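Written below as structure tokens is the structure these notes are about.
In the UniProt record's numbering, the protein residues as written are 1 to 536.
In structure tokens:
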């Protein structure tokens, strides 16, 4: 079978197997024949920035799962909350012991938008984390059972302006083709991150200069005021969002310190800088721990009559420009990295991080009367490194395959409105959303959904746990005539999907005549003000 014939049946195409791509395909089963629906993923795995691993773990006898990417959600974050809890009915547990309000999770002076305790998906038999990719795998299972084509290692390598019939032209590189195959679907949803999409051949010409300038904008501004003095992040000060776990056959924080909740230091997002040049910031309850029960073998949880527990400790999770953990990963193309004690070089790396850990927790060990020599060295280190390309140190573009979300976090009182923050005259948040949703204009059925396409006040930033990308996918579905799914909270749908989209569409329709091609927003500044659409 030729590469062309293998995808010729694809009249509706989703590019990207992350949350939005799979969700859009999953919801599309209600309105389109499964046999004509195709999802292309450029890599060999599903999930995008959601990356759950089990097979790569040396500790826990195959019972443990780590999330090196997205990992939790709040139930009042109804996307993905209602999808997980009400539609897929997946078992969950509180992310932190005691189930504290989600508002406590974001450090001051941020204003978090959710209060319901954060939850993670668990294995119903063990209670151990099953991975944030679990709902993605469930959607894949149902999509394939329905007859949807899900093709891995199928990469979007180019995009052309719509043909005379108004259909966008995609160039897809398949595993069995020497050259890209061109297809022209009736409908396209691009679940592709900024760093991969914007540099592709044909994208700039198809999107137009105004859209490209808006979509290329990346900021991470620090608000003014005393409350922000200790918040050291600036637009140029960090190059990655990195997470590191240490795997132990003896989960010493449980067996020796009797600690199973909280952070060290008090806010681990601002880690301890050690003399080893390795930063340490511990979240005691994040990593999975399994303890041996004399009656039934290894079970979930940290209570144990035998004191035999093994598991993974989250030793670092922050945005920074550190290089120790980053150098372990395969970034920029693969965020995952592992180090094993069985490897001579790995043993040296683990010894270094062990020394840094002991230095960081020395005051805690003294307070608990525990000697440093009783703390075992880790058997494995697992890292997830999500690079952050920007316009200076690491420009957007190849070879980046996996990146941290690169949004527009700006501070209006310091840099002015979005138009000034991004250098795009007249640009509003409403226009930005519509450019990101339909970059070729309202009449062309090419949609986008990705956590990158967010422009908002830094003060209200929130976790990248798939909500924004799913909101964009649901707005795309609404523009195609889909209605609220019965399982999705009605008030949430009205406020964040219908209300936002309808107001944004009104703006586009009002100004569409002033630009015959593209997203329909005038090149000139708006002649009258447009009421801001509140997302929160």
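Just so you know, even glycine gets a beta-carbon here, dropped at the ideal spot from N, CA and C. Just so we're clear, the structure is a prediction, and the values are computed from it rather than from any experiment.
Whose C-alpha, out of the options, is nearest the C-alpha of residue i?
i	options	result
residue 151	15, 454, 84	15
residue 188	480, 499, 503, 501	480
residue 328	338, 321, 322, 251	338
residue 206	165, 9, 441, 148	441
residue 288	280, 272, 248	248
residue 62	126, 33, 73, 75	126
residue 84	118, 494, 239	118
residue 543	266, 496, 500, 510	With the chain covering only 1 through 536, there is no way to say anything about residue 543.
residue 489	401, 82, 434	82
residue 58	416, 86, 381	381
residue 353	291, 408, 273	273
residue 19	36, 451, 492	451
residue 142	50, 358, 87, 68	87
residue 139	268, 457, 461, 46	46
residue 144	456, 22, 421, 416	22
residue 33	245, 122, 13	13
residue 421	444, 209, 218, 348	218
residue 416	435, 369, 457	457
residue 35	146, 467, 308	146
residue 468	454, 459, 460	454
residue 70	478, 31, 44, 135	135
residue 239	322, 177, 172, 101	322
residue 335	122, 493, 176, 243	243
residue 183	197, 166, 114	166
residue 374	423, 255, 504, 270	255
residue 175	112, 44, 276, 103	44
residue 250	369, 500, 104, 308	308
Assuming residue i and residue j are in contact, meaning their beta carbons sit under 8 Å apart, how far apart are those beta carbons, in whole angstroms?
i	j	result
residue 6	residue 155	Not quite, the Cβ-Cβ distance comes to about 14 Å (not below 8 Å), so this is no contact.
residue 185	residue 11	6 Å
residue 485	residue 400	Their Cβ separation, rounded to whole angstroms, is 34 Å, which puts residue 485 and residue 400 out of contact at 8 Å.
residue 93	residue 120	7 Å
residue 482	residue 437	With 8 Å as the limit, residue 482 and residue 437 do not qualify as a contact, their Cβ atoms being about 14 Å apart.
residue 194	residue 406	5 Å
residue 507	residue 430	5 Å
residue 284	residue 263	7 Å
residue 172	residue 180	6 Å
residue 110	residue 379	Wrong, their Cβ atoms sit about 36 Å apart, outside the cutoff.
With DSSP as the reference, identify every bridge partner of residue i, one or two as the case may be.
i	result
residue 245	314, 382
residue 275	BP columns for residue 275 are empty, so no partner.
residue 73	119
residue 410	457
residue 283	263, 314
residue 217	Residue 217 pairs with nothing; no bridge assigned.
residue 447	189
residue 326	In the DSSP output, where bridge partners are listed per residue, residue 326 has none listed.
residue 422	Answer is none; residue 422 lacks a bridge partner.
residue 67	52
residue 309	291
residue 240	320, 387
residue 337	383
residue 92	121
residue 403	387
Between the beta-carbon of residue i and the beta-carbon of residue j, is there less than 8 Å?
i	j	result
residue 316	residue 361	no
residue 376	residue 252	yes
residue 414	residue 427	no
residue 221	residue 411	yes
residue 148	residue 257	no
residue 409	residue 386	no
residue 439	residue 199	no
residue 131	residue 55	no
residue 319	residue 241	yes
residue 214	residue 278	no
residue 311	residue 29	no
residue 203	residue 170	no
residue 372	residue 364	no
residue 211	residue 53	no
residue 473	residue 24	yes
residue 260	residue 129	no
residue 197	residue 471	no
residue 313	residue 245	yes
Does the ligand GTP have even one heavy atom less than 7 Å from the beta-carbon of residue i?
i	result
residue 308	The model on display carries no ligand, and the ligand GTP is accordingly not part of it.
* **Minimum length 4: unbroken alpha helix (DSSP H) runs contained in the stretch 116-145** => none
* Give, in chain order, every unbroken run of the alpha helix (DSSP H) that is at least 4 residues long and sits entirely within the stretch 7-58. => 19-28
* To do: Only counting runs of 3 or more residues, tell me where the beta strand (DSSP E) segments fall wholly within the stretch 148-193, in order along the chain.
  => For the beta strand (DSSP E) assignment, the uninterrupted runs of no fewer than 3 residues enclosed by the stretch 148-193 are, from N- to C-terminal side, 149-152, 155-160, 169-173, 181-183, 187-190.
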